[in-house]
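Note sheet for the following structure.
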Amino acid sequence: MATTVAPRARRRIVGSPSSWLIWGAVTFFLVNLAGVIGAVLVSSFGTQWFGTWFPNGFTTSWYATAWREFGLLDVVGVTLQVSLLVVVISVLIGVPAAYVLARRTFPGKKIVYFAFLLPILMPPITYGIPLATVLYKFGFAGNASGVVLANLVPSVPFVILTMTPFIEQISPSIESAARMCGATTRALFLRVLGPLLVPGMLAAAILVLVRTVGMFELTFLTAGPDSQTLVVALYYSMSAAGIRAQQAVDAMAVIYTSTMLVLLVVALRFVNPTQLVARVKETPEP
Amino acid sequence: MSLTVERVPGEARQAQDPGLRHRLAERGIDRQLLLLVPAVLFVVLLFLYPFLYGLQLSFAPDEGGPLASYQAFFSDPYQSGTIWITLKLALPAALINVLASVPIAYRMRGSFRGKRLLTIVLVVPITLGTVLTAQGLLNYLGPAGWFNKILMTLGLIDDPVRLVNNYWGVFFSLVITGFPFAFLLILSYLSGIDPTLERAAATLGADWRQRFRHITLPLLAPGLATTFCLAFVLAFSVFPSAVLVGNPAGETRVLALAAYQAAYEQYDYSLASAIAMVMGAVELIVIGVVLLWRSRLYTGSTGGKG
């Protein structure tokens, strides 16, 4: 380990102009990012802030205000309920389909695959507006079931596309061995493939969770007053600016971001983001 | 397609004809394909049916011929101009996100101290969502925000630069939310390329420029195309930030906003569906061009699998 670190460190001290440029760009991006987040964070704790570097004083009362005025308890409840339902249903539908797509060839496989790719490639608004119209027609929209159904549209294909490589990497000979020993399809799934797929399913589930909590367009188009998720409530409070104090909106935005951050950190515990596309060969340098 | 998949195994079972069942199984059709049925049904019911319904709706306006909604859209410059507005925002944003990710990911490919932390920090913007980004940009880049204050303190400018409530506000929000996605994808594509290939080239005397040009880039190009498509999709469907940090009545009135207003402010579902279809078509054209280019490149294992 020490032998590999030493030449690397020396190379960086010499520092080619390109590496300075790249790290400079990264730093610039991060500094501005910190400014964007910091501005909201500071504002949400500030009392009054007009044109100075920092607010006149600091308080935490905006969080209480935001929690009370926006009815955040209900909103967070709805968000959790919707996201968990979406996660469970999309994994239940997606994993078997991913299994078939990973293992089998059959006529028309390309068409099926394309049909699963399309909802991810299309902008949500494109199919969201017709979908919302259809859901209203059948009485689903305007309540939580409509929000769940709409959010499933990109989630199920997402599970399928992330699970397919996971399944492909499990050797088919394990399955053949289980079959030889007399396992039925159900036993094969529950006792052989299931345990092997748990990490992949967790990863897909958490990514779907993050996506659903952050999904704005589809929820916005299908949600009624009682079925808003956190993003949509935040959007309404922001576009109706002036009615409520700026800082309360900031506080709500901070609450939303911290929720997402916790989810993402949990997600990164289970998934290495760089392994989503291809399994990385993590061999140390010789 | 889905119909044959659903029906055939059942028939085969009923008929109890081992010959037919065997022949079908040889072509890859057997009972295991039933596992696919829920997902196919789901896509048909919740994606294809609404999509076709919208398509039909767009050709059935309340008044005028079947093409009246499209005519209304294309003959009104205020409406049809949204196509260019959207492309002008989405294409540069997607390009910058992808092109900026390449050198950064190239640097971060190996393992070094704090790589995980740096990755997490670079990924943080995903958690911000469009709304906090919008709020943050308004606070930070606004006339009394820190950014303008710093520039004025340094004496670089005399009056605050206007960076929000116009094109640039939306553009920055697209870069902030889009960059992490592009970066993560490119990083995973880059780490999927077998490092021994490059070491072999180095052994043969190639400098880093040649190695990048002749080894890494050709292997990365398909990944670049895919990443560009996904980054473009993200930027193309920009909606909340166009309202919040942009100028929704003028220079950032994007397609999504036009479709939304037609549906929920004018209650003209036919026009809204027509705009949505135009939006889908424009996007698919761009993606189609990129994928066409991609199909001419190397496809296959990049050596990192296994």
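Line order of the protein sequences matches chains A and D.
Counted from 1, the first sequence has number 187 at position 187 by my numbering; the numbering is strictly sequential.
All you need for my numbering is the position in the second sequence, starting with 1, plus 1000.
Ideal Cβ positions, reconstructed from N, Cα and C, are used throughout, including at glycine.
By DSSP's criteria, residue i is part of a beta bridge. Which residues make up the other side?
i: A/Phe58; result: A/Gly46
Beta-carbon within less than 6 Å of residue i's beta-carbon, same chain only, minus the 5 sequence neighbours each way: which residues are those?
i: D/Asn1165; result: Asn1247
i: D/Ala1225; result: Val1290, Arg1294
i: A/Asn56; result: Thr47, Gln48
i: D/Phe1059; result: Pro1066
i: A/Trp250; result: Checking the displayed sequence, the identity of residue 250 of chain A turns out to be Asp instead of Trp. Counting only Cβ-Cβ distances below 6 Å, and skipping sequence neighbours, we find Val40, Ser43, Ser44.
i: A/Val231; result: Phe216
i: D/Ala1201; result: Arg1211, Ile1215
i: D/Leu1244; result: Ala1134
i: A/Leu101; result: Thr164
i: A/Leu85; result: Val148
i: D/Gly1019; result: none
i: A/Pro124; result: Glu217, Leu218
i: A/Thr212; result: Ser83, Val86, Asn151
Grab me the residues of residue i's own chain with a C-beta within less than 7 Å of its C-beta, minus the 5 sequence neighbours each way, in chain order.
i: A/Gly146; result: Leu135, Phe140, Thr222
i: D/Phe1073; result: Gln1079, Ser1080, Leu1271, Ala1274, Ile1275, Val1278
i: D/Ser985; result: Given that chain D is displayed from residue 1001 to residue 1306, the structure contains no residue 985 of chain D and the question cannot be resolved.
i: A/Ala205; result: Val87, Val91
i: D/Tyr1269; result: Leu1057, Ala1263
i: A/Val78; result: Ala144, Ser227, Gln228, Thr229
i: A/Phe70; result: Ala233, Ser237, Met252
i: D/Pro1180; result: Leu1122, Val1123, Pro1125, Ile1126
i: D/Arg1253; result: Thr1082, Ile1085
i: D/Leu1292; result: none
i: A/Gln314; result: Absent from the model: residue 314 of chain A. The displayed extent of chain A is 1 to 286, so no value can be given.
Whose CA, out of the options, lies closest to the CA of residue i?
i: D/Ser1273; options: D/Leu1156, D/Leu1151, D/Leu1045, D/Tyr1053; result: D/Tyr1053
i: A/Ser19; options: D/Val1233, D/Ile1285, D/Trp1208; result: D/Trp1208
i: A/Phe166; options: A/Arg103, A/Pro130, A/Ser43; result: A/Arg103
i: A/Ser44; options: A/Ser83, A/Tyr256, A/Pro17; result: A/Tyr256
i: D/Ile1285; options: D/Leu1087, D/Leu1034, D/Val1040, D/Thr1133; result: D/Leu1087
i: A/Met180; options: A/Val192, A/Gln169, A/Ile170; result: A/Val192
i: A/Val42; options: D/Leu1118, D/Ala1182, D/Gly1192, D/Gly1145; result: D/Gly1145
i: D/Asn1148; options: A/Ser258, A/Thr52, A/Gly24; result: A/Thr52
i: A/Leu214; options: A/Ala248, A/Leu263, A/Leu188, A/Phe28; result: According to the sequence displayed, residue 214 of chain A carries Gly and not Leu. Looking at the Cα atoms, A/Leu263 is the closest of the given residues.
i: D/Arg1107; options: A/Phe54, A/Glu168, A/Thr259, A/Ala25; result: A/Ala25
i: D/Ala1182; options: D/His1214, D/Leu1156, D/Val1233; result: D/Val1233
i: D/Pro1195; options: D/Arg1296, D/Gly1205, D/Phe1179, D/Ile1215; result: D/Ile1215
i: A/Phe189; options: A/Val95, A/Ile89, A/Phe29; result: A/Val95
i: A/Met122; options: A/Leu196, A/Pro154, A/Thr59; result: A/Pro154
i: D/Ala1025; options: A/Val254, A/Pro107, A/Phe29, A/Phe138; result: A/Pro107
i: D/Pro1038; options: A/Met252, A/Tyr99, A/Thr126, A/Ala177; result: A/Tyr99
i: D/Pro1222; options: D/Asp1158, D/Leu1163, D/Gly1110, D/Gly1192; result: D/Gly1192
i: A/Gly35; options: D/Ser1111, D/Leu1020, D/Leu1138, D/Leu1041; result: D/Leu1138
i: D/Cys1229; options: D/Arg1199, D/Gly1250, D/Val1282, D/Arg1213; result: D/Val1282
i: A/Val75; options: A/Thr219, A/Pro17, A/Lys109; result: A/Thr219
i: D/Gln1266; options: D/Arg1296, D/Asp1062, D/Leu1219, D/Asp1030; result: D/Asp1062
i: D/Gly1280; options: A/Gln169, A/Val112, A/Thr126; result: A/Thr126
i: D/Val1043; options: A/Ala245, A/Pro172, A/Phe114; result: A/Phe114
Leaving aside the five residues before and after residue i along the sequence, list all residues of the same chain whose C-beta is less than 8 Å from its C-beta, in chain order.
i: D/Pro1240; result: Thr1130, Val1131, Ala1134
i: D/Gly1178; result: Ala1093, Ala1094, Asn1097, Ala1231, Leu1234, Ala1235
i: D/Ala1090; result: Leu1174, Phe1232, Ala1235, Phe1236, Val1238
i: D/Ile1157; result: Asn1148, Leu1151
Handout entry: Sufficient close CB pairs (3 or more, under 8 Å) joining the segment 1186-1204 of chain D to the segment 1092-1105 of chain D
Key = Yes: at least three Cβ pairs fall under 8 Å.
Exercise for the section: Count the CB pairs spanning the segment 156-175 of chain A and the segment 49-65 of chain A that are closer than 8 Å, and state whether there are at least three. Expected result: These segments do not touch.
Exercise for the section: Count the C-beta pairs between the segment 1253-1263 of chain D and the segment 1125-1134 of chain D that are closer than 8 Å, then say yes if the count reaches three, no if not. Expected result: At 8 Å Cβ cutoff, the stretches do not touch.
Handout entry: Members of the segment 1140-1153 of chain D near chain A, C-beta cut-off 7 Å
Key = Flagged, chain order: Tyr1140, Ala1144, Gly1145, Trp1146, Phe1147, Lys1149.
Practice task
Check each residue of the segment 1025-1046 of chain D: if its Cβ is closer than 7 Å to any Cβ of chain A, include it; give the result in chain order.
Solution key: Listed by position along the chain: Arg1027, Gly1028, Ile1029, Gln1032, Leu1033, Leu1035, Leu1036, Pro1038, Ala1039, Val1040, Phe1042, Val1043, Leu1046.
Practice task
Give the residues from the segment 199-228 of chain A that approach chain D closer than 9 Å (Cβ to any Cβ), ordered along the chain.
Solution key: Answer in chain order: Val210, Val213, Gly214, Phe216, Glu217, Phe220, Leu221.
Practice task
Below 7 Å between beta carbons is the criterion; list the residues of the segment 94-108 of chain A that meet it against any residue of chain D, in chain order.
Solution key: Listed by position along the chain: Gly94, Pro96, Ala97, Tyr99, Val100, Arg104, Thr105, Phe106, Pro107, Gly108.
Handout entry: Any 3 or more C-beta pairs closer than 8 Å across the segment 113-129 of chain A and the segment 1035-1049 of chain D
Key = Verdict: yes, contact present.
Practice task
Could you list the residues in the segment 1117-1130 of chain D with a C-beta less than 9 Å from some C-beta on chain A, going in chain order?
Solution key: Listed in sequence order: Leu1118, Thr1119, Ile1120, Val1121, Leu1122, Val1123, Val1124, Pro1125, Ile1126, Thr1127, Leu1128, Gly1129, Thr1130.
Problem - Contact set between the segment 1192-1222 of chain D and chain A, restricted to residues whose Cβ is under 8 Å from the partner - result: Flagged, chain order: Gly1192, Asp1194, Pro1195.
Exercise for the section: Output, in sequence order along the chain, the residues in the segment 232-264 of chain A whose CB is closer than 7 Å to any CB in chain D. Expected result: Correct list: Leu234, Tyr235, Met238, Ser239, Val249, Asp250, Ala253, Tyr256, Thr257, Met260, Leu261, Leu264.
Practice task
Check distances from the C-beta atoms of the segment 38-59 of chain A to those of chain D and list, in chain order, the residues that come in under 7 Å.
Solution key: Of all residues in the segment 38-59 of chain A, Ala39, Val40, Ser43, Gly51, Trp53 have a Cβ within less than 7 Å of some Cβ in chain D.
Exercise for the section: Could you run through the segment 1070-1092 of chain D and flag, in chain order, every residue whose CB is less than 7 Å away from some CB of chain A? Expected result: Correct list: empty, as no residue qualifies.
Handout entry: Chain-ordered residues of the segment 114-133 of chain A with a beta carbon less than 9 Å from chain D
Key = The segment 114-133 of chain A vs chain D, Cβ under 9 Å: Ala115, Phe116, Leu118, Pro119, Ile120, Leu121, Met122, Pro123, Pro124, Ile125, Thr126, Tyr127, Gly128, Ile129, Pro130, Leu131, Ala132, Thr133.
Exercise for the section: Quick one: which residues of the segment 172-187 of chain A get their C-beta closer than 8 Å to a C-beta of chain D? List them in chain order. Expected result: Those residues of the segment 172-187 of chain A placed with their C-beta closer than 8 Å to a C-beta in chain D are Thr185, ordered along the chain.
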